[in-house]
Amino acid sequence: MANPRAITSRARSAIFAPIGDEGRAVRVENRLAEAIRSGVLADGDRLPSELELAQMLGVATVTAREALVSLRAQGLVVTTRGRGGGSFVRAPDPGDVVKGRLATMSRVELRDRASLYLVVVTGCAELAAERAAPDEVEDLQDLLVPVDEEDVGRWRDAESELYLSVAALTQSARLTREVVRQEADFGTLLRVPLSEPDFRQASAGRHRALVAALGSGDVAAARTSVRDHVTHAVERLTEIHEVVRQ
Amino acid sequence: MNIDVSADCAVRIEQHFGSILTELERVRAEVGALFAAGPVDSDHLRTHVEAGTLAFLQDQNLLGGGFVAAPDALSDRRLYLAWWQGPGRDFLGEAEVPGTRDAIDYTRQSWFRVPERTGQLHVAGPYVDFVCADEYVMTTTLPVYADGRLVGVAGADTTVETLERMLLPGLREVRGTLVNAHGRVVVSADPHRATGEALGTVPDAAPGGRLLAVVQATADGHGAPKPIAGWPA
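Protein sequence lines, in the order shown, are assigned to chains A and B. So for the first sequence, the UniProt record's numbering puts the first residue at 1; every next one is plus one. So for the second sequence, the UniProt record's numbering puts the first residue at 1; every next one is plus one.
Now the structure itself:
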């Protein structure tokens, strides 16, 4: 009997190599860093001790220690000694979080995330154009920011809420939850270019086109306006990414 | 025979939404009195409504409920949801725009805006609620006033899935479709009538300002479906 699939010995040994504590420290670190950046662990929260953390996560104490060292190096945790001491969460500035994420992201990852985001939100726009009632579309008008508005935060919140509202108009809770996830994950990056007045102007036009398309039930136009917007935003973001990485 | 069964469906609707209305009226009296007595902060509000709300939420057919403050009604926060939801009846407090830490302004949502405008009981949805529950729900809300000023809305959420489980057997018996005040399908005996779809041919889906109606297709399937029950009755 011939071996149906020859697996090279190198691939084999990689598969069956012990996972070890090396990868675990990174996983512990990522999990905590994610919780701090997303705000689940708030500024000033006390982290469990190294020993408690190790027990809770089922890793060796040395692994928990390694993760904490790295979090300290990233400025996400501060440790004080003595009575009342311990490790405390240090919430980063939201702008720094976005830049930090962008700086650690490869171009291929950016494109990967952008592709997923694009497919999800254009799909939502199509279904919303089919399913939304006129009064529901009318409500979206409130999310169209006046072109001369200078508060970038308002632009970002309004755009995020516009896309969430479009997702909700699909009448699918799962799709909406996916967009909530996408907004938290990629939306914050995608809205970096809104700090630029020219980009805001162009965005305003595309969002108005989207709401008009939803109002008239024009599936193709709804899709196009979202696709145009995300594509432009990703192009600009990729340029910013290049600058941040250099 | 049909009449009996349709009554059964109507009875289930009345049982569910009637008990919600009774609770919202109780909250309205309780919270209205609280605000009439002087300035209220968010902790005070939460403590005041928690026990009553959690007792009401023993009913597993409810997804969540509570009291949502009108902007600046509270002394310490502009927006606040004294709201408990989910299997664990988790407290909400604030709803955030995903990815940021900014509070979502829920006053745009129809469950807040409509009763604010009309001063009346409202049933919003079916809609996907991304502010609080992340579920496909119907939200029943009642505006609450103190000294003639709107201080917020008392409300309760029911998932469409719960309504389907609760009402579909009765609707099948009468070949009925439950629609909202705008003639949008909530649950239908007809599998081709999806929730959220507009039942475009309903002339007066919820007569007399009804918030929900059960309509029945005509025998030949042509012409406008006729209303056979409504809520509030």
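C-beta atoms are modelled at their ideal positions from N, C-alpha and C, and glycine is treated no differently.
Excluding sequence positions up to five before and after residue 176(A), its CB lies within less than 6 Å of the CB of 167 and 168, all in the same chain and listed in chain order.
Among the residues of the segment 121-138 of chain B, those with a Cβ less than 8 Å away from any Cβ of chain A are 126, 127, 128, 129, 130, 134, 135 and 136, in the order of the chain. Residue state for residue 188(B) is assigned as strand, using DSSP reduced to three classes. Within its own chain, the residues whose Cβ lies closer than 8 Å to the Cβ of residue 187(B), once the five positions on either side in sequence are excluded, are 160, 163, 164, 167, 168, 171, 177, 178 and 195, listed in chain order.
Note: residue 179(B) is bridge-paired with 185(B) and 213(B) in the DSSP secondary-structure output. Residue range 149-159 is occupied by the beta strand (DSSP E) that includes residue 156(B). Taking the beta carbon of residue 182(B) as reference, the chain A residues within 8 Å of it are 133 and 135, listed in sequence order. In this structure, residue 157(B) lies near residue 133(B), with their beta-carbon atoms less than 8 Å apart. Among the CB atoms of chain B, one or more fall inside 8 Å of the CB of residue 176(A).
Sequence-distant Cβ neighbours of residue 29(A) in its own chain, meaning closer than 7 Å and more than five residues away, are 67, 70 and 71.
Per DSSP, the unbroken beta strand (DSSP E) holding residue 77(A) starts and ends at 77-80. Below the 7 Å Cβ cutoff, chain B contributes no neighbours of residue 110(A), its closest Cβ being approximately 16 Å away.
Proximity of residue 118(B) to chain A, defined by a Cβ-Cβ separation below 8 Å, is not satisfied. Residue nearest to residue 129(B) within the set 64(B), 25(B) and 69(B) is 64(B) (criterion: CA-CA distance). Listed by position along chain A, the residues whose Cβ is nearer than 8 Å to that of residue 102(B) are 153 and 157. The shortest C-alpha to C-alpha distance from residue 86(B) to any of 10(B), 42(B), 137(B) and 27(B) is the one to 137(B). Beta bridge pairing from DSSP links residue 90(B) with 85(B).
Residue 23(B) sits buried, since 16 or more C-beta atoms from the chains shown fall within 10 Å of its C-beta. Within chain A, the C-beta atoms nearer than 7 Å to that of residue 108(B) come from 139 and 142, in chain order. Between the alpha carbons of residue 49(A) and residue 79(A) lies a gap of roughly 10 Å.
Interface criterion not met: the Cβ of residue 74(A) is under 8 Å from no Cβ in chain B. According to the DSSP assignment, residue 161(A) belongs to the alpha helix (DSSP H) that extends over 152-168. In this structure, the beta-carbon distance from residue 223(A) to residue 126(A) falls below 8 Å. The beta carbon of residue 217(A) lies closer than 6 Å to those of 129 in the same chain, with the five residues before and after it left out. Going by DSSP, residue 134(A) is part of no beta strand (DSSP E) but of the alpha helix (DSSP H) stretching over 134-140. Under the 8 Å criterion on CB atoms, residue 126(A) is classed as non-interfacial with respect to chain B. The residue from 16(B), 72(B) and 198(B) with its alpha-carbon nearest to that of residue 41(B) is 72(B). In this structure, residue 241(A) keeps its C-beta atom at 8 Å or more from the C-beta atom of residue 202(A). Contacts with chain B at 8 Å (Cβ-Cβ) do not include residue 222(A). For residue 196(A), the three-state secondary structure derived from DSSP is coil. By the Cβ criterion, the segment 144-161 of chain A is in contact with the segment 184-195 of chain A, since at least three pairs of Cβ atoms, one from each stretch, lie closer than 8 Å. Contact annotation for residue 88(B) against chain A: no contact, minimum CB-CB distance about 16 Å [criterion: below 7 Å]. Separation of residue 196(A) and residue 97(A) (C-alpha to C-alpha, rounded to the nearest whole angstrom) is 19 Å. Rounded to whole angstroms, residue 53(A) and residue 152(B) show a C-alpha spacing of 43 Å. At least one CB atom of chain A sits nearer than 8 Å to the CB of residue 196(B).
Taking C-beta separations shorter than 6 Å and ignoring five residues to either side along the sequence, residue 50(B) has no partners in its chain.
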